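Presented below is the structure to which this report refers.
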Amino acid sequence: MDEWTKHDLLDLQELSKKEIEKILETAKSFKQVSTRDVKKVPALRGKTVVMLFFEPSTRTRISFELAAKRLSADTINISASTSSLTKGETIVDTAKNIEAMNVNAIIVRHSCAGVPKVLAEALEPSIINAGDGCRAHPTQALLDMFTIKERLGRIEGLKIGIVGDILHSRVARSNIWGLTKLGAEVTLCGPSTLMPVGIEDHGVRVTYDLNEVIENSDVMMMLRIQKERQNNIYLPSLAEYAKHFGINKSKLKKKKSNLLIMHPGPTNRGVEISGEIADGESSIILDQVTNGVAIRMSVLYLLLGTKESLT
Amino acid sequence: MDEWTKHDLLDLQELSKKEIEKILETAKSFKQVSTRDVKKVPALRGKTVVMLFFEPSTRTRISFELAAKRLSADTINISASTSSLTKGETIVDTAKNIEAMNVNAIIVRHSCAGVPKVLAEALEPSIINAGDGCRAHPTQALLDMFTIKERLGRIEGLKIGIVGDILHSRVARSNIWGLTKLGAEVTLCGPSTLMPVGIEDHGVRVTYDLNEVIENSDVMMMLRIQKERQNNIYLPSLAEYAKHFGINKSKLKKKKSNLLIMHPGPTNRGVEISGEIADGESSIILDQVTNGVAIRMSVLYLLLGTKESLT
Amino acid sequence: MDEWTKHDLLDLQELSKKEIEKILETAKSFKQVSTRDVKKVPALRGKTVVMLFFEPSTRTRISFELAAKRLSADTINISASTSSLTKGETIVDTAKNIEAMNVNAIIVRHSCAGVPKVLAEALEPSIINAGDGCRAHPTQALLDMFTIKERLGRIEGLKIGIVGDILHSRVARSNIWGLTKLGAEVTLCGPSTLMPVGIEDHGVRVTYDLNEVIENSDVMMMLRIQKERQNNIYLPSLAEYAKHFGINKSKLKKKKSNLLIMHPGPTNRGVEISGEIADGESSIILDQVTNGVAIRMSVLYLLLGTKESLT
Chain F
-5 MDEWTKHDLL DLQELSKKEI EKILETAKSF KQVSTRDVKK VPALRGKTVV
45 MLFFEPSTRT RISFELAAKR LSADTINISA STSSLTKGET IVDTAKNIEA
95 MNVNAIIVRH SCAGVPKVLA EALEPSIINA GDGCRAHPTQ ALLDMFTIKE
145 RLGRIEGLKI GIVGDILHSR VARSNIWGLT KLGAEVTLCG PSTLMPVGIE
195 DHGVRVTYDL NEVIENSDVM MMLRIQKERQ NNIYLPSLAE YAKHFGINKS
245 KLKKKKSNLL IMHPGPTNRG VEISGEIADG ESSIILDQVT NGVAIRMSVL
295 YLLLGTKESL T
Chain P
-5 MDEWTKHDLL DLQELSKKEI EKILETAKSF KQVSTRDVKK VPALRGKTVV
45 MLFFEPSTRT RISFELAAKR LSADTINISA STSSLTKGET IVDTAKNIEA
95 MNVNAIIVRH SCAGVPKVLA EALEPSIINA GDGCRAHPTQ ALLDMFTIKE
145 RLGRIEGLKI GIVGDILHSR VARSNIWGLT KLGAEVTLCG PSTLMPVGIE
195 DHGVRVTYDL NEVIENSDVM MMLRIQKERQ NNIYLPSLAE YAKHFGINKS
245 KLKKKKSNLL IMHPGPTNRG VEISGEIADG ESSIILDQVT NGVAIRMSVL
295 YLLLGTKESL T
Chain Y
-5 MDEWTKHDLL DLQELSKKEI EKILETAKSF KQVSTRDVKK VPALRGKTVV
45 MLFFEPSTRT RISFELAAKR LSADTINISA STSSLTKGET IVDTAKNIEA
95 MNVNAIIVRH SCAGVPKVLA EALEPSIINA GDGCRAHPTQ ALLDMFTIKE
145 RLGRIEGLKI GIVGDILHSR VARSNIWGLT KLGAEVTLCG PSTLMPVGIE
195 DHGVRVTYDL NEVIENSDVM MMLRIQKERQ NNIYLPSLAE YAKHFGINKS
245 KLKKKKSNLL IMHPGPTNRG VEISGEIADG ESSIILDQVT NGVAIRMSVL
295 YLLLGTKESL T
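Chains as they are written, first to last, in the working numbering: chain F, -5 to 305; chain P, -5 to 305; chain Y, -5 to 305.
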């Protein structure tokens, strides 16, 4: 693949294996930029990147903002609470107004699945999905894949367990699409109430036995239990969840020697993961965060960049 | 006119016809900057522009912020909710503190008419009014005039209808000042409860018959009904308002062939304007948004720029 | 002293006299930058500075943001209300995530004393304390010392009165540490309920007689009464406080001829200081604000800068 042709990043379903690999490959050189004394390249100088966030977010917003700034783009932050939406305008109207100001990319996060797609169909600027409802969070999955590949050299053939609230997790969905496309064997694990019916059709295996996942996986992704979303419908209690699906030192005794532990953050210490494990040797949680900036630089560069050389 | 001498932009009343034309003329070259690959000129590099917004705003704040950034100025955002004002400081004290940090311009929006003028009298930095109460919104009127001139080649002699809640509209007031100064024939139309007494003294005509405006105008500016401000004192209902003063396809059947429809946004679709018209061929609503950035670049450049060449 | 060796700025207790003087000296040249037409030097180009504010703040946040921008650093704002903290993550986790994005400095303000120290121990980026609880606000004390020295040529031997709510004032604490270290004679004055027990052990004198302070001081620092914190436990009323510990024109009749009046802002006019005095000839309150940017540029430069020349 020589040329990048995609105009938006909505989810990983619509990217080919080659395109995913191109993003991961490009991120490598950008990762190096953030370790320099001058963490900046002029690649997107004079471009405008808008962060349009309808859900609160610290790490994802900052990660994109840093990525854009380290590419020398100008950035604009819009959060829902201060936006015109309080004045009754539709999302498409708001976005069309932003488009009319000649911006190059709109990075959007919204609690409703499908909003980025609607915007991509209506607008000319590149739309980047920073999380839509329970549907997709493609840059998270890309940074997860980058981190795995960085540590283990490959994704093909790896056994990867995703554990937790699969039903509500856009992180799980995007990772399932991406990891299976790159040849990993994905096993899902979680309470049956939080396991989507028919998910096996997406080329994954389902188990309700955490020990099995621990014993067989090369990588385990622990998902965040969204405390704010649970109301006894899905779970008897957080303590009950932690007992059956949280990981800690004693449960990991039987793990494979080089099992890696991942988490998209923010972590609920003592619920899905113990502090000891989150801060331990197997954890690559902070690598994920570091690589998030590189992946987002890569995505912004591929979507907005021109042929000018990278310096 | 060779030299720009004004130090602040408070409203259009205090600008001469030549000064308004100078702003519109300068905006032409800046409009082109936003269509470039590198949307940036170094004109205001090292200058500091502060957005001090006491009312929520998306499009006006972003438009100014983009204008400043595309001129290479540094920008600082202050919104009322996070400001010291919650600690009981006066507005002038807050602004004098900002001034003391050697800023070049303060762009201020406030729900009280006259705040920008008070600040301009007390402070050395250039004050730009981004909307004060029901009084003035000069950059909106300037971008409206720019958009009309861009489409129709002139403003002098045009018949322009402004329709809606004239009483509470700073957009209407600033446009009346500007358009009449440039020789347009302005007709106001709206419910009698929302028509300021004696407004004819400002050189405009008043009618309560929307059809007359539709049949005779070259341009119609539809004002936003501020739903949040209406409480049955002025209007029986929004439906009633839409019926008498909103425009839609059937009402526009008798329009002049090249009637242009404008709206300062955000629109209430189905109230003052139907979606079909807002998105239709006659609508130049998004041109207004695009031109807003150019006008604000022009204003910032004329107020803060030096003789250095524009590249 | 040729080399700067400190990695964080937590409070003035841990700085030597030489180090404080180095910061003040370096600030001199940076003060000049803010008066230029192009208020910008490339010293920190490509560095990332994060403002992590858990308490609302206008002036301190803007002052640091301007300082960073005038040094050409990239800046990121995080305020508590929009941060992941609402999702239950710990402060250290949040900060470790920020660190993982390869940032150079985190400027932190928090209502709990000790948070900056905890972060400095856990993290690699430079931590700058922008105010922690009632404990320390080192850049405020530094800008106060800079302002005094600028006006009076020295600090050693000066008589400096600090008046007000000493108990809750991080500004007072940091100034006590800094001013005594530089050889000033510090006198504290305020209601006995707001005077920390045993504060004399820190090398200061305590009086409850405002007139004595007025008659003997070269400089008086009036502290802000935090209205929001008072609830009749410490003070009978604000009027009572103003009568005994506020200053106004008539009380200052007996002052030394060149007494300077300072206030960290925001001022409560009519409580700790009358408007006449705040705006009067003796007041150097706005100089403090101006110098705040220079001091913060100096601190950022010393903590993050390399040997590259300053242009």
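Each residue gets a CB set at the ideal place from its N, CA and C atoms; glycine is no exception.
Predicted model only: the values in this text are computed from it and were never measured.
Neighbourhood of residue i by C-beta, 8 Å cutoff - its chain only, sequence neighbours within 5 removed
i: residue 196 (chain F); result: 170, 171, 174
i: residue 113 (chain F); result: 85, 86, 89, 100, 102, 121
i: residue 268 (chain F); result: 240, 241, 242, 243
i: residue 108 (chain P); result: 126, 127, 129
i: residue 4 (chain Y); result: 110, 111, 114, 121, 123, 130, 132
i: residue 281 (chain F); result: 141, 144, 145
i: residue 236 (chain F); result: 264, 265, 266
i: residue 259 (chain P); result: 53, 218, 279, 282, 283
i: residue 209 (chain Y); result: 248, 249, 250
i: residue 93 (chain P); result: 100, 117, 118, 119
Buried or exposed (CB count within 10 angstroms, at least 16 for buried), residue i
i: residue 233 (chain P); result: exposed
i: residue 69 (chain F); result: buried
i: residue 1 (chain P); result: exposed
i: residue 191 (chain F); result: exposed
i: residue 159 (chain Y); result: buried
i: residue 205 (chain P); result: exposed
i: residue 156 (chain Y); result: buried
i: residue 56 (chain P); result: buried
i: residue 230 (chain P); result: exposed
i: residue 252 (chain Y); result: exposed
Partners in chain P for residue i, counting only beta-carbon separations shorter than 9 Å
i: residue 280 (chain Y); result: 90, 91, 93, 94
i: residue 287 (chain Y); result: 94, 95, 96
DSSP three-state assignment for residue i, whether helix, strand or coil
i: residue 165 (chain F); result: helix
i: residue 238 (chain P); result: helix
i: residue 104 (chain F); result: strand
i: residue 35 (chain Y); result: coil
i: residue 99 (chain Y); result: strand
i: residue 45 (chain P); result: strand
i: residue 274 (chain Y); result: coil
i: residue 263 (chain F); result: strand
i: residue 250 (chain F); result: coil
i: residue 214 (chain F); result: strand
i: residue 269 (chain F); result: helix
i: residue 287 (chain Y); result: helix
Beta-carbon neighbours of residue i, restricted to chain F and to distances below 9 Å
i: residue 42 (chain Y); result: 28, 33, 60, 63, 64
i: residue 83 (chain Y); result: 52, 259, 260, 261, 262, 263
Same chain only: Cβ atoms within 7 Å of residue i, ignoring 5 sequence neighbours per side
i: residue 176 (chain Y); result: 11, 14, 139, 149, 150
i: residue 60 (chain F); result: 287
i: residue 63 (chain Y); result: 69
Interface partners of residue i on chain P, CB under 8 Å
i: residue 309 (chain Y); result: Summary: the structure shown does not reach residue 309 (chain Y), with chain Y confined to residues -5 through 305, and so no result is reported for it.
Where residue i meets chain F, residues with beta-carbon distance less than 8 Å
i: residue 300 (chain Y); result: 31
i: residue 284 (chain P); result: 94, 95, 96
i: residue 57 (chain P); result: 95
6 Å Cβ shell around residue i - same chain, five flanking residues per side excluded
i: residue 341 (chain P); result: This structure cannot speak to residue 341 (chain P), because chain P is shown only from -5 to 305.
i: residue 212 (chain Y); result: 152, 153
i: residue 273 (chain F); result: none
is_contact[residue i, chain A] using C-beta, thresh 8 Å
i: residue 49 (chain P); result: Within the model displayed, chain A is absent; protein chains F, P and Y are what it includes.
Neighbour list for residue i in chain P, Cβ cutoff strictly below 7 Å
i: residue 87 (chain F); result: 260, 261
beta-carbon residue i near the ligand NAP non-hydrogen atom, thresh 7 Å
i: residue 235 (chain F); result: This structure lacks the ligand NAP, and indeed carries no ligand of any kind.
> What residues from the stretch 91 to 104 of chain F come within 9 Å of chain P, judged by C-beta to C-beta, listed N to C?
Replying inline: 91, 92, 93, 94, 95, 96, 97, 98
>> At a CB distance below 8 Å, what residues from the stretch 22 to 39 of chain P approach chain F? Give them in sequence order.
In response: 28, 29, 30, 31, 32, 33, 34
> Residues in the stretch 129 to 154 of chain F with C-beta within 8 Å of chain Y's C-beta atoms, listed in sequence order?
Replying inline: none
>> Any C-beta of chain P within less than 7 Å: which residues of the stretch 65 to 76 of chain F qualify?
In response: 68, 70, 72, 76
>> By the 9 Å beta-carbon criterion, what residues does the stretch 240 to 261 of chain Y contribute toward chain P?
In response: 259, 260, 261
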